[in-house]
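From first to last, the protein sequence lines stand for chains A and B. To convert, note that position 234 of the first sequence is 239 in this note's numbering; the numbers rise steadily by one, no gaps. To convert, note that position 32 of the second sequence is 37 in this note's numbering; the numbers rise steadily by one, no gaps. In what follows, a single structure is set out as structure tokens and then discussed.
2 protein chains.
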Amino acid sequence: MTVTIRDVAKRLRLSITTVSRALDGYADVAPRTRARVTRTARAMGYVPSRAARQLRRQRADAIGYVLPASGPHFTDPFFSEFIAGLGDTATAHNLDLLISIAPPDSAAEQRIYARWVQARQVDGIVLSRMRLRDWRVKYLAENNFPFVAHGHARMRVDFPYIELDSQTGFAQLVRHLGARGHRRIAYIGAPAKFTLQVERWAGYRQGLAEVGIKFDPALVAEGDLTRTGGYLAAQRLLALRQRPSAIIGVNDLTAIGAMRAAREVGLVVGRDLAIAGYDGTDEAEHTDPPLTTLKQPIYDTAQRLVEMLLKHVAGEPLNESHIIWQPALIIRASTDFDFK
Amino acid sequence: MTVTIRDVAKRLRLSITTVSRALDGYADVAPRTRARVTRTARAMGYVPSRAARQLRRQRADAIGYVLPASGPHFTDPFFSEFIAGLGDTATAHNLDLLISIAPPDSAAEQRIYARWVQARQVDGIVLSRMRLRDWRVKYLAENNFPFVAHGHARMRVDFPYIELDSQTGFAQLVRHLGARGHRRIAYIGAPAKFTLQVERWAGYRQGLAEVGIKFDPALVAEGDLTRTGGYLAAQRLLALRQRPSAIIGVNDLTAIGAMRAAREVGLVVGRDLAIAGYDGTDEAEHTDPPLTTLKQPIYDTAQRLVEMLLKHVAGEPLNESHIIWQPALIIRASTDFDFK
DNA sequence: CATTATACCCAAAACGTTTTGGAAGTCAAG
DNA sequence: CTTGACTTCCAAAACGTTTTGGGTATAATG
Numbered sequence: 006m007t008v009t010i011r012d013v014a015k016r017l018r019l020s021i022t023t024v025s026r027a028l029d030g031y032a033d034v035a036p037r038t039r040a041r042v043t044r045t046a047r048a049m050g051y052v053p054s055r056a057a058r059q060l061r062r063q064r065a066d067a068i069g070y071v072l073p074a075s076g077p078h079f080t081d082p083f084f085s086e087f088i089a090g091l092g093d094t095a096t097a098h099n100l101d102l103l104i105s106i107a108p109p110d111s112a113a114e115q116r117i118y119a120r121w122v123q124a125r126q127v128d129g130i131v132l133s134r135m136r137l138r139d140w141r142v143k144y145l146a147e148n149n150f151p152f153v154a155h156g157h158a159r160m161r162v163d164f165p166y167i168e169l170d171s172q173t174g175f176a177q178l179v180r181h182l183g184a185r186g187h188r189r190i191a192y193i194g195a196p197a198k199f200t201l202q203v204e205r206w207a208g209y210r211q212g213l214a215e216v217g218i219k220f221d222p223a224l225v226a227e228g229d230l231t232r233t234g235g236y237l238a239a240q241r242l243l244a245l246r247q248r249p250s251a252i253i254g255v256n257d258l259t260a261i262g263a264m265r266a267a268r269e270v271g272l273v274v275g276r277d278l279a280i281a282g283y284d285g286t287d288e289a290e291h292t293d294p295p296l297t298t299l300k301q302p303i304y305d306t307a308q309r310l311v312e313m314l315l316k317h318v319a320g321e322p323l324n325e326s327h328i329i330w331q332p333a334l335i336i337r338a339s340t341d342f343d344f345k
Numbered sequence: 006m007t008v009t010i011r012d013v014a015k016r017l018r019l020s021i022t023t024v025s026r027a028l029d030g031y032a033d034v035a036p037r038t039r040a041r042v043t044r045t046a047r048a049m050g051y052v053p054s055r056a057a058r059q060l061r062r063q064r065a066d067a068i069g070y071v072l073p074a075s076g077p078h079f080t081d082p083f084f085s086e087f088i089a090g091l092g093d094t095a096t097a098h099n100l101d102l103l104i105s106i107a108p109p110d111s112a113a114e115q116r117i118y119a120r121w122v123q124a125r126q127v128d129g130i131v132l133s134r135m136r137l138r139d140w141r142v143k144y145l146a147e148n149n150f151p152f153v154a155h156g157h158a159r160m161r162v163d164f165p166y167i168e169l170d171s172q173t174g175f176a177q178l179v180r181h182l183g184a185r186g187h188r189r190i191a192y193i194g195a196p197a198k199f200t201l202q203v204e205r206w207a208g209y210r211q212g213l214a215e216v217g218i219k220f221d222p223a224l225v226a227e228g229d230l231t232r233t234g235g236y237l238a239a240q241r242l243l244a245l246r247q248r249p250s251a252i253i254g255v256n257d258l259t260a261i262g263a264m265r266a267a268r269e270v271g272l273v274v275g276r277d278l279a280i281a282g283y284d285g286t287d288e289a290e291h292t293d294p295p296l297t298t299l300k301q302p303i304y305d306t307a308q309r310l311v312e313m314l315l316k317h318v319a320g321e322p323l324n325e326s327h328i329i330w331q332p333a334l335i336i337r338a339s340t341d342f343d344f345k
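This is the structure in structure tokens:
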């Protein structure tokens, strides 16, 4: 059926060894022979069996990524772009990308990681949406399994990651809003177990302090990083007797949900109310009005993470194992006006 | 390092065979023994090597899906949801999901499929965004490789698919617009090589005929299924001396881009201009105004496709191999008004 | 008691590679 | 003509499973 290395060897009256070594570019095969081998191998449509190679080489030539699903209708564009970056880079390095889906901290999530690690199904794993105390970090580190992460955890374990300095970003955003005359700046966050929440929250507080606004706990709500979460949280905030004049969403989706809530109570975003998000997804560019956001280089992050992971797997030293990038504040019409 | 079946056998003073058969549930192993085996296997953290199993069993326990990328910033929420459906269902059946990215009809795309097929790396493949004459269908059919598709191709080859009757859907949408008083209904399509374009276009034409509107070629533009594509196409349409009063986008993203173009020329969508899309993504629910769309069950489609694929791989007959579903017209504020 | 079932278990082959450790041939130097 | 150094090739082992085709008790049957 499918053509194996044995078929190629037989056809050429060469040993399997020689065919294998010819194709793998070893020096101890005559140039003429190598040419013959590569030619007929190609002609016969020979592709080495991945399973056999994996078994022998003891590596999978694959990396894994578990999507943090929040239900069937998860559609955070962040992850589309992140996966695109992972996929492109993996393909460029002739690796497979294995994808699974599981809600954070679920039993399903544990099963997936256990399977990948124990069955040696992937060579390394990319983590995202880190949690402060992240069982994955513990588990992978204990099993000595290579991984890299988007963001970091608050744990003893050291591991390679790329982090976006969202604290500084959010502080900058608050200063921008303060400069435009806002004094009642609300914040819609995420569950506190996520690192991103802690950092962005700190940025929010830092920004308030910098512009001299007293923190008001009434102006804080919690979402779940989805549009609907942002929508519901914003409804609460906008129902206050003293409602905020600006709302910061922990991510773009949250902000987009908030925009909808604002419209429904008759507020015009970009005039009566300022709204801003975080991520810099395409969607934020096409809202009405376009959304002010902190843009992070999602695709590049994913790409770089894969490259770090590969080095890590190969045991090469990373010259930079803790990369920190700055998100870019992109001011659009949703906040680009003076309040009062 | 990692524990193999040999370790388990040694510990139990049993043969490898018996351990294997005990774990696989064969009848010829004593209940007591089976219990012992499963217990210690679990205790030792034994997980069979995927590669070894694949090699011996001659199957991969994995399915593949190639994402049609249109550049680094592809973020069609359609695919997020589709992947979620594929991933969940694959995981539920203890399968891996392999994902790669490649632009349609590119050399990269060919390489990926060739690799998966020749290296027996996946047991089956899910196709989406079908083209009228689709080389993938030809290639996979010729190689006798199991696959299923979202949508169909215009080819001799018969294969299992799930199709959404978007023609009827779009005709229904045009009738809705006609009933609201629109006579100049524009259409922003996709490249003609895609099946979805041909069908939705046919639906558009059918709808025009049904409400007695003469087709006007000036009211047709071509996008590329992205927000930006829709934006640019809509700019052209809105610059016409006799501009349309309604615009139908071939998908939600196209429509969302068109909404932005409309805003930029000072038109209020849902009053001066009607806009509608197709897909029923979450994003369409949160636009301003909320977008009328034809909702297709993306997640369920993906799930069902995987199940069809598995049956196909197993050689079982599909009782239904050509499934046709109807999209649901969801009327929202973007078209829910009478024109003039 | 001899024979036949039945219940459990196992040795060895096979899957398709890569890698180890030579072997044979050729050539140049002494 | 030997010797040593290259060059080019290869047989066999190994990776960790699953599966084939028995084998050996023990129990049931005549």
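Backbone N, C-alpha and C define an ideal beta-carbon position, used for all residues, glycine too.
Whole-number beta carbon distance between residue j and residue i, since they are thought to touch under 8 Å
i	j	result
A95/A	V311/A	6 Å
I21/B	A14/B	5 Å
A57/B	T43/B	Between T43/B and A57/B the Cβ distance is about 19 Å, and since that is not below 8 Å, they are no contact.
G129/B	L314/B	4 Å
V274/A	A267/A	5 Å
T340/B	Q123/A	Contact flag wrong, Cβ pair sits at about 53 Å.
F164/A	F150/A	The pair is not a contact, with the Cβ atoms about 10 Å apart (cut-off 8 Å).
L19/A	A67/A	With a Cβ gap of about 30 Å, L19/A and A67/A do not count as contacting.
G262/B	T233/B	6 Å
M49/B	D12/B	7 Å
CB contact below 8 Å: residue i versus chain A
i	result
G92/B	yes
A40/B	no
R265/B	yes
P302/B	no
T96/B	yes
P82/B	yes
DSSP three-state assignment for residue i, whether helix, strand or coil
i	result
V274/B	strand
H187/A	coil
F199/A	strand
D287/B	helix
L56/A	Note that residue 56/A is Ala in the sequence shown, not Leu. In this structure, A56/A counts as helix in the three-state DSSP scheme.
T298/B	strand
H98/B	coil
H181/A	helix
P73/B	strand
Y166/B	strand
Residue from the options with nearest C-alpha to residue i
i	options	result
L132/A	M160/A, P108/A, G69/A and H98/A	G69/A
K198/A	F83/A, E227/A and Q63/A	E227/A
D170/B	D284/B, T292/B and R55/B	D284/B
D93/B	Q308/B, R276/B, D257/B and V216/B	Q308/B
Y304/B	A107/B, H291/B, V71/B and T286/B	T286/B
D257/B	L103/B, H291/B and G217/B	H291/B
E204/B	T173/B, L224/B and I329/B	T173/B
E147/B	G183/B, I167/B, H157/B and Y118/B	Y118/B
Whether residue i touches residue j by CB criterion (8 Å)
i	j	result
L17/B	R41/B	yes
T259/A	L296/A	no
I252/B	A191/B	yes
R116/B	S54/A	no
T200/B	M135/B	yes
H187/B	S250/B	yes
I335/A	K300/A	yes
Q202/A	V142/A	no
E114/B	V162/B	no
G217/B	F175/B	no
Neighbour flag for residue i against chain B, beta carbons, 8 Å
i	result
P108/A	no
A89/A	yes
I335/A	no
G228/A	no
G50/A	yes
R125/A	yes
T338/A	As written in the sequence, residue 338/A is Ala, which differs from the Thr given in the question. Judged by the 8 Å Cβ criterion, A338/A is not in contact with chain B.
L60/A	yes
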